[in-house]
Amino acid sequence: MAEKIERTTLAEKAYQQLRAGLASATFGPGEVLKIRSLADQYGISPTPIREALQRLVAENALKAQANRSFSVPILTRTRFEEIITMRMALEPIASRQGMVALKKRDIRELDLLTEDMYKAIKKSDVRIYLEGNRQFHFIIYEKSESPLLLGVIKDLWVLAAPYFIHLFAEAAYVEQCNDWHRRISRAIKDGNADAMAKGICDDISAARDTLLKHMD
């Protein structure tokens, strides 16, 4: 019994790390994930990795390949636009619910993340920027105390985020991408929920317009 519990725990940890990797664009569209390579990377046996990958397949976050490997789905333009439309509808709701529960320490964390993202932009470090971007948004959304809403938003990020790696290919986007975060933080400090929600929609919209160019 103890071995089963331990293995389940490893599979859960692997699942959470892989989902976080997808949501932070650690894995790109079409990228192949191999069980043995991931097992070596995480320092665990292949079995919990396989269980985690199969769970992500069941969630449509990954695709199973014929050679027993797994890949990140390549989205059609229509599918991508559907995901973005849902994000623009749901994330302002979560942000409005979450804003009222934000503490001073949360707002300080948002400011620190914004500064870290500016530094990442100067260094052209897309990985650090995208992880900071994910953390920034979910500090707000996780305060919504709406598990169902939050779960849907997280699922949408897992599907869309692998494409975020292409955002830094557009100089015009990079120049202003972090300004939306600063606007969102300012709106939160001012207690202006409408401005905060608009900042989130503008942030999503700017990324969408940039990424659709690459999908074309």
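Residue numbers (my numbering): -13 to 202. All C-beta atoms in this analysis are idealised placements derived from N, C-alpha and C, irrespective of residue type, glycine included. These numbers were taken from a predicted model, which means no experiment stands behind them.
- Around the beta carbon of L39, 16 or more other beta carbons sit within 10 angstroms, so the residue counts as buried.
- A buried status is given to L19, since no fewer than 16 other beta-carbon atoms sit within 10 Å of its beta-carbon.
- Counting every other CB atom within 10 Å of its CB across the protein chains shown gives G29 a total below 16, marking it as exposed.
- Residue I151 holds the alpha-carbon nearest to the alpha-carbon of P15 among V160, D195, R113 and I151.
- When only Cα atoms are considered, A179 and K108 end up about 30 angstroms apart.
- Beyond the five residues adjoining it in sequence on each side, L116 comes within less than 6 angstroms, by CB distance, of S10, A11 and F150 in the same chain, given in chain order.
- With contacts defined as CB atoms closer than 8 angstroms, I93 and I174 qualify as a contacting pair.
- In the three-state reduction of the DSSP assignment, A44 falls in the helix class, which pools H, G and I.
- Linking I190 to V58 through their CA atoms gives a straight-line distance of about 21 angstroms.
- Rounded to whole angstroms, the gap between the alpha carbons of G84 and V43 is 30 angstroms.
- Using a Cβ distance threshold of 8 angstroms, E77 and I125 do not count as a contacting pair.
- Listed as beta-bridge partners of L19 by DSSP are F56.
- Taking C-beta atoms under 8 angstroms as the contact rule, L8 and A50 fail to qualify, at a distance of about 15 angstroms.
- For the region 136 to 178, the full-length alpha helix (DSSP H) segments reaching 4 residues or more read 157 to 162 and 165 to 176 along the chain.
- 8 angstroms or more divides the Cβ of P34 from the Cβ of A6.
- Across the structure, G185 and S31 are spaced so that their CA atoms are roughly 44 angstroms apart.
- The alpha-carbon separation between A(-3) and S130 amounts to approximately 28 angstroms.
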